[in-house]
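Visitor: I am attaching a structure below and will ask some questions about it afterwards.
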Amino acid sequence: MAYKFIDNYREKGARKKLVKELAEKKGITDTNVLAAMAKVKRHYFFDETFWAQAYLDKAFPIGDGQTISTPYTVAYQSQLLHIKKGDKILEIGTGCGYQTCILIEMGAQVYTIERQEALFNRTKKVLPYIGYNAHFFLGDGSKGIAEHAPYDKIIVTAGAPLVPEILVKQLKIGGILVIPVGDTKQQKMVTVLRVSENDFEKFVLDAFKFVPLLGEQAW
Ligand code: SAH
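Read in order, the letters of the sequence shown are residues 92 to 310 in our numbering.
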């Protein structure tokens, strides 16, 4: 494996083209999301052999049976979070950390949790090295992280069988949870807005395919 952190003209150009495609053909309208996608170097999460794949709108294996979500999926989830500078965000499913970098680039303070130790160890090292600082946790994120709650936003980057009750309770009033919900083959993106202490509004959106969210409150 040869991970290199060099941003050549070829990757710069491919990244620009991808952002244009997300804006003009795929309906991503949040300019803050597009600006972050223009900045974060997705090829840094790929072995150099596969750099030609890094700016295609495709998912890709990142080892340990997991995948880096498609750029469109990352943009779509990020857009639904309506991120404001300083937002405290819980991300469940750190993976390679690309989505984490997008959130940080948008000015969020990110708490991120991964259940696979090898991924956790790698990402915890790589992100600060390429200039992105987050709070990294190893464990079952299906229960959230109660010690650091409440959060302005919670994003789940793996497919859940249902919306874990314990997660919506870790939202601030006015907070938003974005989570793909369905069976293991397909999920619908769901957003939950915490309107008040006991009132929640749920919206069911487009279909996606994520790797399963494993754990106590999941599969
Ligand atoms: N946002 C990531 C997507 C990774 S795929 C990226 O851009 O790379 C989803 C990740 O969720 C996988 O790494 C998987 O190991 C992790 N995951 C699944 N169930 C989990 C759980 N209960 N807690 C924490 N992480 C979990």
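Using N, Cα and C, we set each Cβ at its ideal position, and we do this for glycine too.
Determine the direct distance from the alpha carbon of Phe137 to that of Ala105, and round the result to whole angstroms.
Guide: 14 Å
Visitor: Work out the CA separation of Lys103 and Glu288 for me, nearest whole Å.
Guide: Those two C-alpha atoms are separated by around 46 Å.
Visitor: Is Ser233 near the ligand SAH - that is, is its Cβ less than 6 Å away from at least one heavy atom of it?
Guide: yes
Visitor: Does Gln170 have its Cβ less than 7 Å from a Cβ in chain C?
Guide: Among the protein chains of the structure shown there is no chain C, as only one such chain exists.
Visitor: Tell me whether Ala237, by its Cβ, gets closer than 6 Å to a heavy atom of the ligand SAH.
Guide: no
Visitor: Given Leu284, which residues of its chain have a CB within under 6 Å of its CB, disregarding the five upstream and five downstream residues?
Guide: Closer than 6 Å at the Cβ level, and outside the excluded window around Leu284, lie Ile267, Glu292.
Visitor: Only counting runs of 3 or more residues, tell me where the beta strand (DSSP E) segments fall wholly within the segment 132–160, in order along the chain.
Guide: Whole beta strand (DSSP E) segments, 3+ residues: 151–154, 157–159.
Visitor: If you measure from the CB of Gln170, is any heavy atom of the ligand SAH nearer than 6 Å?
Guide: no
Visitor: For the structure I just gave you, are there three or more beta carbon pairs, one from the segment 163–176 and one from the segment 233–242, closer than 8 Å?
Guide: no
Visitor: Hey, out of Asn212, Gly265, Asp274, Tyr94, whose CA is closest to Val254's CA?
Guide: Asp274
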